[in-house]
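A.B. asks: Dropping a structure here in structure tokens format, bear with me for questions.
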Amino acid sequence: GENVEQHPSTLSVQEGDSAVIKCTYSDSASNYFPWYKQELGKGPQLIIDIRSNVGEKKDQRIAVTLNKTAKHFSLHITETQPEDSAVYFCAASKGGNQGGKLIFGQGTELSVKP
Amino acid sequence: NAGVTQTPKFQVLKTGQSMTLQCAQDMNHNSMYWYRQDPGMGLRLIYYSASEGTTDKGEVPNGYNVSRLNKREFSLRLESAAPSQTSVYFCASSDLRGGNTIYFGEGSWLTVV
Chain E
1 GENVEQHPST LSVQEGDSAV IKCTYSDSAS NYFPWYKQEL GKGPQLIIDI RSNVGEKKDQ
61 RIAVTLNKTA KHFSLHITET QPEDSAVYFC AASKGGNQGG KLIFGQGTEL SVKP
Chain G
1 NAGVTQTPKF QVLKTGQSMT LQCAQDMNHN SMYWYRQDPG MGLRLIYYSA SEGTTDKGEV
61 PNGYNVSRLN KREFSLRLES AAPSQTSVYF CASSDLRGGN TIYFGEGSWL TVV
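Read top to bottom, the protein sequences are chains E and G. So the first sequence is numbered by this note's numbering: it starts at 1 and just counts up by one. So the second sequence is numbered by this note's numbering: it starts at 1 and just counts up by one.
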């Protein structure tokens with residue numbers, strides 16, 4: 001089955017710096033790759049996603065890149081702010097009616113220091 | 001707009017006791033899911049229901065049962081709780097028409113002693 005590896009497990013940056021989180025997946029049939037942000041005591045919230053027919057997607061300070069050949073995708077946060085501090089999860093699925101069968105990475109705890 | 005609502009939020013059980021986690025969504029989604037979250041392991045799918053009337057096993061179904069009561073509600077039952085089931089449980093829902101974006105509830109913290 002699908003396996004998703006996420007690195008690093010913790011990441012500390014200064015406010016204003018960029019943060020990059022990387023994930024690799026094993027199943028070449030996966031075609032939907034969302035990223036979730038989880039704040040303490042809350043459920044995960046979708047922040048951005050990308051599908052396999054696209055190599056990059058941007059939304060303000062957040063961007064995701066996908067390399068299907070290498071089977072890896074990355075989250076980039078620019079101009080980080082203290083409110084970006086949270087745990088971030090990547091995930092993969094085969095989309096379609098399998099879309100909710102997400103396989104998650106282990107999570108990255110991001111700390112943005114003012 | 002409540003989204004995905006789970007109850008209870010916190011529960012302590014003794015080994016061997018049974019309980020049901022309730023979940024309801026008000027977004028008219030077809031698909032619903034139960035995940036568990038353990039430290040260092042991300043979220044793992046327990047069971048899912050692609051549509052009303054269907055349920056299927058996920059990655060870690062052992063020790064659990066589910067019921068898709070209607071389109072809105074999807075419950076998770078622990079028949080005989082074990083300490084290994086101490087976890088945070090998340091219900092979620094999605095719809096193909098929404099591009100499969102998954103919306104999660106706020107979580108249920110379960111401790112089995």
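Don't be surprised by glycine CBs; every beta carbon is placed ideally from N, CA and C. Since we're looking at a predicted model, the values are computed, not measured.
Determine whether the beta carbon atoms of E:F33 and G:G42 lie at a separation below 8 Å.
C.D. replies: Cβ distance not < 8 Å, so E:F33 and G:G42 don't count as in contact.
A.B. asks: Considering only C-alpha positions, which residue in the set G:Y64, G:N70, G:R44 is nearest to G:A50?
C.D. replies: Measuring from the Cα of G:A50, the nearest candidate turns out to be G:N70.
A.B. asks: Whose Cβ in chain E lies nearer than 7 Å to the Cβ of G:G63?
C.D. replies: Result: empty, since nearest Cβ-Cβ is about 19 Å, beyond 7 Å.
A.B. asks: Strictly under 8 Å for the Cβ-Cβ distance: is G:E106 near chain E by that measure?
C.D. replies: Yes, G:E106 counts as interfacial toward chain E.
A.B. asks: If you draw a straight line from the alpha carbon of G:Y89 to that of E:D84, how long is it in whole angstroms?
C.D. replies: Each residue's alpha carbon lies about 24 Å from the other.
A.B. asks: Using only alpha-carbon positions, find the residue among G:Q11, G:M32, G:T111 that is nearest to G:V4.
C.D. replies: Residue G:M32 is the option with its Cα nearest to G:V4.
A.B. asks: Roughly how many whole angstroms lie between the Cα atoms of E:A63 and E:A19?
C.D. replies: Roughly 11 Å between the two C-alpha positions.
A.B. asks: Between E:S30, E:Y36, E:S26, E:A29, which lies nearest to E:H76 when the distance is taken from Cα to Cα?
C.D. replies: Comparing Cα positions, the closest option is E:Y36.
A.B. asks: Taking CB distances under 8 Å as the criterion, tell me whether G:T126 reaches chain E.
C.D. replies: This structure does not reach residue 126 of chain G, given that chain G is present from 1 up to 113, and the question cannot be answered.
A.B. asks: If you measure beta-carbon to beta-carbon, which residues of the region 35 to 69 of chain E are closer than 9 Å to chain G?
C.D. replies: Those residues of the region 35 to 69 of chain E that come within reach of chain G (Cβ to Cβ, closer than 9 Å) are Y36, Q38, G41, K42, G43, P44, Q45, L46, D49, R51.
A.B. asks: From E:I50 to E:L66, what does the alpha carbon distance come to, in whole angstroms?
C.D. replies: Spanning the two alpha carbons is a distance of roughly 8 Å.
A.B. asks: If you follow the beta strand (DSSP E) that G:S49 is in, where does it begin and where does it stop?
C.D. replies: Taken as a continuous stretch (DSSP letters only), the beta strand (DSSP E) holding G:S49 covers 43 to 49.
A.B. asks: What's the call for E:P44, buried or exposed, on a 16-neighbour Cβ count within 10 Å?
C.D. replies: Looking at its Cβ environment, which holds 16 or more other Cβ atoms inside 10 Å, E:P44 is buried.
A.B. asks: Who are the neighbours of E:F73 on chain G, taking C-beta pairs under 7 Å?
C.D. replies: Neighbours of E:F73 on chain G: none; closest Cβ ~15 Å, over 7 Å.
A.B. asks: Please decide whether G:L45 counts as near chain E, where near means a Cβ-Cβ distance under 8 Å.
C.D. replies: With 8 Å as the cut-off, G:L45 counts as an interface residue toward chain E.
A.B. asks: For G:T101, which residues in chain E fall below 8 Å Cβ to Cβ?
C.D. replies: P34, L46, D49, listed in chain order.
A.B. asks: Cβ closer than 9 Å: which chain E residues qualify as neighbours of G:M19?
C.D. replies: What G:M19 touches in chain E: nothing, since even the nearest Cβ is about 20 Å away.
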